[in-house]
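S.K.: Here it is: the structure, laid out below.
Number of protein chains: 2
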Amino acid sequence: MNPPLSPVSDLLDYATALFAAAGCDGDKPATIAAGLVEADLLGHTTHGMQLAAAYLKELEAGGMTAHGEPDVIADRGAAVTWDGRKLPGVWLATRAVTLAVERAALHGQATVVIRRSHHIGCLAAFLQRATDRGMMVLIASSDPAVASVAPIGGRKAVFTPDPFAIGIPTDNDPILIDVSASITTNGLATRLRREGKTFPGAWALDAAGKVTDNPEALFADPPGTLLPTGGTDHGHKGYALALMVEALTQGLGGFGRADAPDGWGASVFVQVWDPAAFGGADAFRTQMGWTATACRESPPVPGGDAVRLPGQRGLDRKRRALAEGVALYPGILASLEPFAEKFGVPSPKT
Amino acid sequence: MNPPLSPVSDLLDYATALFAAAGCDGDKPATIAAGLVEADLLGHTTHGMQLAAAYLKELEAGGMTAHGEPDVIADRGAAVTWDGRKLPGVWLATRAVTLAVERAALHGQATVVIRRSHHIGCLAAFLQRATDRGMMVLIASSDPAVASVAPIGGRKAVFTPDPFAIGIPTDNDPILIDVSASITTNGLATRLRREGKTFPGAWALDAAGKVTDNPEALFADPPGTLLPTGGTDHGHKGYALALMVEALTQGLGGFGRADAPDGWGASVFVQVWDPAAFGGADAFRTQMGWTATACRESPPVPGGDAVRLPGQRGLDRKRRALAEGVALYPGILASLEPFAEKFGVPSPKT
Chain A
19 MNPPLSPVSD LLDYATALFA AAGCDGDKPA TIAAGLVEAD LLGHTTHGMQ LAAAYLKELE
79 AGGMTAHGEP DVIADRGAAV TWDGRKLPGV WLATRAVTLA VERAALHGQA TVVIRRSHHI
139 GCLAAFLQRA TDRGMMVLIA SSDPAVASVA PIGGRKAVFT PDPFAIGIPT DNDPILIDVS
199 ASITTNGLAT RLRREGKTFP GAWALDAAGK VTDNPEALFA DPPGTLLPTG GTDHGHKGYA
259 LALMVEALTQ GLGGFGRADA PDGWGASVFV QVWDPAAFGG ADAFRTQMGW TATACRESPP
319 VPGGDAVRLP GQRGLDRKRR ALAEGVALYP GILASLEPFA EKFGVPSPKT
Chain B
19 MNPPLSPVSD LLDYATALFA AAGCDGDKPA TIAAGLVEAD LLGHTTHGMQ LAAAYLKELE
79 AGGMTAHGEP DVIADRGAAV TWDGRKLPGV WLATRAVTLA VERAALHGQA TVVIRRSHHI
139 GCLAAFLQRA TDRGMMVLIA SSDPAVASVA PIGGRKAVFT PDPFAIGIPT DNDPILIDVS
199 ASITTNGLAT RLRREGKTFP GAWALDAAGK VTDNPEALFA DPPGTLLPTG GTDHGHKGYA
259 LALMVEALTQ GLGGFGRADA PDGWGASVFV QVWDPAAFGG ADAFRTQMGW TATACRESPP
319 VPGGDAVRLP GQRGLDRKRR ALAEGVALYP GILASLEPFA EKFGVPSPKT
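Going down the list, the protein sequences come from chains A and B. Just so we're aligned, residue 19 is where the first sequence starts under my numbering, counting upward by one. Just so we're aligned, residue 19 is where the second sequence starts under my numbering, counting upward by one.
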């Protein structure tokens with residue numbers, strides 16, 4: 019049985035009303051709603067509206083700041099640093115990408131770093147804000163308060179999965195990448211564990227350092243760890259990616275694990291390049307269009323489907339959802355009902 | 019039997035004399051020598067002096083330009099694009115990192131992109147030019163004239179291994195990352211094939227798309243392909259990294275596969291961030307020092323050695339080589355003898 023469909027605008031209105039009722043000021047409710055729903059449209063179901071109930075709880079508990087602006091720590095034109103004051107991360111990340119696009123238009127490229135953001139949701143949800151303007155964007159995020167990924171060869175966690183997303187304009191749909199430095203994420207581990215399932219591969223270590231496909235290992239005491247990308251075979255690559263993301267986010271932000279922060283949060287890095295300032299906007303689209311076509315036309319391995327580009331399936335899903343309505347992953351609307359009741363917000367039509 | 023040791027300065031003098039005799043002007047011979055020898059000092063033996071004979075052949079054949087400067091395609095202060103005119107890539111990359119460091123000191127961070135460079139050798143060899151100044155650096159390279167890595171799910175190559183290197187200052191030794199978007203590289207495949215060995219894992223596909231550990235598959239007709247990082251289990255991550263590197267190098271450079279270039283070359287991307295312009299230089303070192311220590315102190319998996327940081331072994335090797343002399347990988351000095359004889363350059367003492 020498929021979950022029922024909601025028109026996207028109803029879902030946006032519903033999420034906006036919930037975050038407004040929870041006390042978020044200004045354009046925060048609509049921006050948070052847009053970022054979360056965008057993730058569901060693209061099929062990132064663990065990082066869309068599934069997060070809304072947790073964010074609403076954080077607002078209630080004071081872990082997420084509902085009012086005001088980030089503090090500007092440094093602004094050198096092409097290099098901007100904010101203290102996010104634990105403001106809603108989806109809102110901060112949206113604004114950071116918008117600012118980086120503006121500054122890249124001025125300086126050719128720009129960096130915006132946010133320390134002490136709250137969780138930013140789905141990184142892929144922000145990419146088209148840059149690619150729609152013909153710009154390339156890289157977004158990375160880490161949470162210095164928690165750790166679930168060990169350096170390769172170790173069995174005590176140092177990193178978060180340290181996701182990074184990349185938007186690349188082409189002569190057609192943009193390429194939308196959203197990957198992490200670990201093989202899998204805490205979100206998927208939590209969902210599989212709840213559903214009594216295992217990882218599709220040996221993606222974790224138990225606390226003793228033994229390879230396992232059981233997500234339960236992550237929740238044991240002491241806990242196991244997620245393996246970096248490349249796993250036991252070549253996990254030094256994922257380890258390198260984790261160090262890159264932690265340096266871009268916490269290193270540049272100047273706030274991180276060394277400060278032993280507590281509570282749910284994020285350190286965020288946004289970089290935008292304007293091809294017009296380099297070899298040219300048309301030349302960029304031509305090159306990446308050629309490469310995208312070459313990927314799609316690479317003949318599939320035996321028994322495989324046609325080669326896809328990152329984001330292709332998500333953009334197809336999004337077009338379908340905008341036309342036909344969006345089906346949320348089971349359990350998400352139920353998780354919001356207590357808040358809807360408390361705030362007197364009517365549930366979306368399905 | 020270990021190969022004999024040469025004092026590092028003798029090896030530098032030898033390589034400098036060879037490239038000067040081959041016609042390179044100005045500071046090119048010494049800069050190329052420094053970049054290649056640095057790779058050997060760090061233990062990147064496939065990308066150090068092993069390349070010298072091939073470079074000298076390219077100079078002789080006119081595939082590598084011996085004289086002059088790159089053309090400046092665009093210069094927006096924090097965003098610079100060069101046409102490398104097939105000048106020696108090791109020299110171009112050294113200059114690009116130097117310029118990016120200067121510009122990052124002015125603008126907080128800076129990007130330098132080079133189209134039509136010649137091969138740049140070992141990416142890790144350039145990192146300390148930024149980290150010694152307390153800056154973080156990312157270098158990426160691709161060769162649009164060749165392809166050996168297929169998108170995941172495909173069996174026709176679209177990408178080069180697309181290496182990227184990252185230098186991260188800490189409160190102690192810098193972290194020096196040098197990885198590729200594919201599990202392994204053309205250089206290692208060539209060496210293992212010559213030595214009649216196999217890959218340590220299923221790191222390639224034959225032309226039919228079947229997984230193999232035999233490097234011979236890469237040299238068959240039609241050729242097989244190198245698997246992206248993550249392999250058959252989660253190779254969409256390596257595929258994403260390849261797209262990132264091709265976009266940063268060929269997309270921003272505005273020159274690449276769509277132009278069907280021939281000959282050996284490289285598209286190069288250099289990004290430098292100055293922590294002083296963000297959350298602060300001391301704060302950066304503190305954060306990354308904390309994280310580096312946490313990695314080293316993560317208890318090892320059963321039967322494993324202590325966790326190392328990327329670059330740690332290379333920097334130890336380099337210190338030893340500077341004190342005791344450097345041992346080149348077998349066959350390298352022999353490959354240079356024909357050039358040394360032709361140019362009348364005396365071989366280094368061992």
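All C-beta atoms, glycine included, are put in the ideal place defined by N, C-alpha and C. Since we're looking at a predicted model, the values are computed, not measured.
From B/Ile138, B/Thr149, B/Ser135, B/Gly95, pick the residue whose C-alpha is nearest to that of B/Leu124; which is it?
M.R.: Residue B/Gly95 is the option with its Cα nearest to B/Leu124.
S.K.: Rank B/Glu234, B/Arg326, B/Gly107 by C-alpha distance to the C-alpha of B/Ile195 and give the top, closest one.
M.R.: For B/Ile195, the nearest C-alpha among the options comes from B/Arg326.
S.K.: Taking Cβ-Cβ distances below 8 Å as the criterion, which residues of the region 89-111 of chain A are in contact with chain B?
M.R.: Hits within the stretch, in order: Ile91, Ala92, Arg94, Gly95, Ala96, Ala97, Thr99.
S.K.: Between B/Gly185, B/Leu259, B/Leu346, which has its C-alpha nearest B/Gln330's C-alpha?
M.R.: Nearest C-alpha to B/Gln330: B/Gly185.
S.K.: With a threshold of 8 Å between beta-carbons, can A/Ala301 be considered close to chain B, or not?
M.R.: By this cut-off, A/Ala301 is an interface position.
S.K.: Could you check whether the Cβ of A/Phe361 sits closer than 8 Å to any Cβ belonging to chain B?
M.R.: Not one chain B Cβ lies under 8 Å of A/Phe361.
S.K.: Does the Cβ of A/Ala114 have 16 or more other Cβ atoms within 10 Å, making it buried, or fewer, making it exposed?
M.R.: Looking at its Cβ environment, which holds 16 or more other Cβ atoms inside 10 Å, A/Ala114 is buried.
S.K.: Exposed or buried, which one is A/Gly362 when buried takes at least 16 other CB atoms within 10 Å?
M.R.: Under this definition A/Gly362 is an exposed residue.
S.K.: What are the boundary residues of the alpha helix (DSSP H) that includes A/Met306?
M.R.: 299-314 is the extent of the alpha helix (DSSP H) around A/Met306.
S.K.: Specify, as a first and last residue, the run of the beta strand (DSSP E) that B/Ala278 falls within.
M.R.: Element bounds for B/Ala278: n/a, residue is neither H nor E.
S.K.: Note down the Cα distance separating B/Thr304 from B/Pro192, rounded to an integer number of angstroms.
M.R.: Distance between the alpha carbons of B/Thr304 and B/Pro192: 12 Å.
S.K.: Using a Cβ-Cβ cutoff of less than 6 Å, which residues in the same chain neighbour A/Val290 once the five nearest sequence positions on both sides are dropped?
M.R.: Excluding sequence neighbours, A/Val290 sits near Ala118, Val119, Ala122, Ala128, Ala148, Met153, Val155.
S.K.: Show which residues of chain B have a CB atom less than 7 Å away from the CB atom of A/Ser316.
M.R.: Those within 7 Å of A/Ser316 in chain B are Ala168, Pro169, Gly172, Arg173, Lys174, Val176.
S.K.: Pick helix, strand or coil for A/Ser24, following the three-state DSSP scheme.
M.R.: Looking at A/Ser24 - three-state DSSP - the assignment turns out to be strand.
S.K.: Could you confirm whether any beta carbon from chain B is found closer than 8 Å to the beta carbon of A/Lys255?
M.R.: Yes - at least one Cβ of chain B is within 8 Å of the one on A/Lys255.
S.K.: Against chain B, which members of the region 176-191 of chain A pass a CB distance test of less than 7 Å?
M.R.: Result list: Val176, Ile184, Ile186.
S.K.: Inspect the beta-carbon positions of A/Ala7 and A/Ala222 and report whether they are closer than 8 Å.
M.R.: Any property of residue 7 of chain A remains undetermined from this structure, which presents chain A solely from 19 to 368.
S.K.: State the start and end residues of the unbroken beta strand (DSSP E) segment that holds B/Thr129.
M.R.: Looking at the DSSP string, the run of the beta strand (DSSP E) that includes B/Thr129 is 127-135.
S.K.: Excluding the five sequence neighbours on either side, which residues of its own chain have a C-beta within less than 8 Å of the C-beta of A/Met19, listed in chain order?
M.R.: Reliability of the predicted coordinates at A/Met19 is poor, the pLDDT of 45 falling under 50, and no value is obtained from them.
S.K.: Would you check if the distance between the CB atom of A/Asp231 and the CB atom of A/Thr216 is smaller than 8 Å?
M.R.: Taking 8 Å as the Cβ cut-off, A/Asp231 and A/Thr216 qualify as a contacting pair.
S.K.: Counting contacts by CB-CB distance shorter than 8 Å, is A/Thr368 in contact with chain B?
M.R.: No, because no Cβ of chain B sits closer than 8 Å to the Cβ of A/Thr368.
S.K.: So, using beta-carbon positions, are A/Leu145 and A/Ala183 closer together than 8 Å?
M.R.: Their beta carbons are under 8 Å apart, which means A/Leu145 touches A/Ala183 by this criterion.
S.K.: Can you say whether B/Glu264 is buried or exposed, counting buried as having 16 or more other CB atoms within 10 angstroms of its CB?
M.R.: That one is buried.
S.K.: Give me the chain A residues within the contact set of B/Leu261, using Cβ-Cβ distance strictly less than 9 Å, ordered along the chain.
M.R.: Result: Ile184, Ile186, Ile193, Ile195, Met306, Thr309, Ala310, Cys313, Leu327, Pro328.
S.K.: Could you give the C-beta distance for B/Leu29 and B/Pro366, rounded to a whole number, given that I count them as a contact under 8 Å?
M.R.: Yes, they are in contact, since the Cβ atoms of B/Leu29 and B/Pro366 sit about 5 Å apart, within 8 Å.
S.K.: Can you tell me which of A/Cys140, A/Met262, A/Gly321, A/Pro218 puts its alpha carbon nearest to the alpha carbon of B/Thr188?
M.R.: B/Thr188 has its Cα closest to that of A/Met262, out of A/Cys140, A/Met262, A/Gly321, A/Pro218.
S.K.: Using a Cβ cut-off of 7 Å, which residues of the region 258-286 of chain B contact any Cβ in chain A, in chain order?
M.R.: Under the 7 Å Cβ criterion, the region 258-286 of chain B contributes Ala258, Leu261, Met262, Glu264, Ala265, Gln268, Gly269, Leu270, Gly271, Gly272, Phe273, Gly274, Arg275, Ala276.
S.K.: Could you give the residue range of the alpha helix (DSSP H) that holds B/Gly332?
M.R.: Taken as a continuous stretch (DSSP letters only), the alpha helix (DSSP H) holding B/Gly332 covers 330-342.
S.K.: Within this structure, are the beta carbons of B/Thr309 and A/Arg275 separated by less than 8 Å?
M.R.: Yes.
S.K.: Any idea what DSSP makes of B/Met154, helix, strand or coil?
M.R.: The answer is strand: DSSP assigns B/Met154 an E or B state.
S.K.: Tell me whether A/Asp89 is buried or exposed, calling it buried when 16 or more other Cβ atoms sit within 10 Å of its Cβ.
M.R.: With fewer than 16 other Cβ atoms within 10 Å, it is exposed.
S.K.: Give a single yes or no on whether B/Pro328 has its beta carbon closer than 7 Å to a heavy atom of the ligand GTP.
M.R.: In terms of ligand content, the structure shown is empty, and the ligand GTP therefore cannot be addressed.
S.K.: With 8 Å set as the bound, which would you pick, yes or no: does the beta-carbon of A/Val5 sit closer than that to a beta-carbon of chain B?
M.R.: Any answer about residue 5 of chain A is impossible in this case: the structure gives chain A only from 19 up to 368.
S.K.: Taking Cβ-Cβ distances shorter than 9 Å, what residues in chain A pair up with B/Pro320?
M.R.: Correct list: Arg173, Ala226, Gly227, Lys228.
S.K.: Would you please verify whether the beta carbon of B/Met19 is less than 8 Å from any beta carbon of chain A?
M.R.: Residue confidence for B/Met19 is low, a pLDDT of 44 falling below 50, so the modelled location carries little weight; the figure read from the coordinates is stated next. For B/Met19, the answer is no, since every Cβ of chain A falls outside 8 Å of its Cβ.
S.K.: What are the start and end residues of the alpha helix (DSSP H) that includes A/Ile429?
M.R.: Residue 429 of chain A is absent from the structure shown; chain A starts at 19 and stops at 368.
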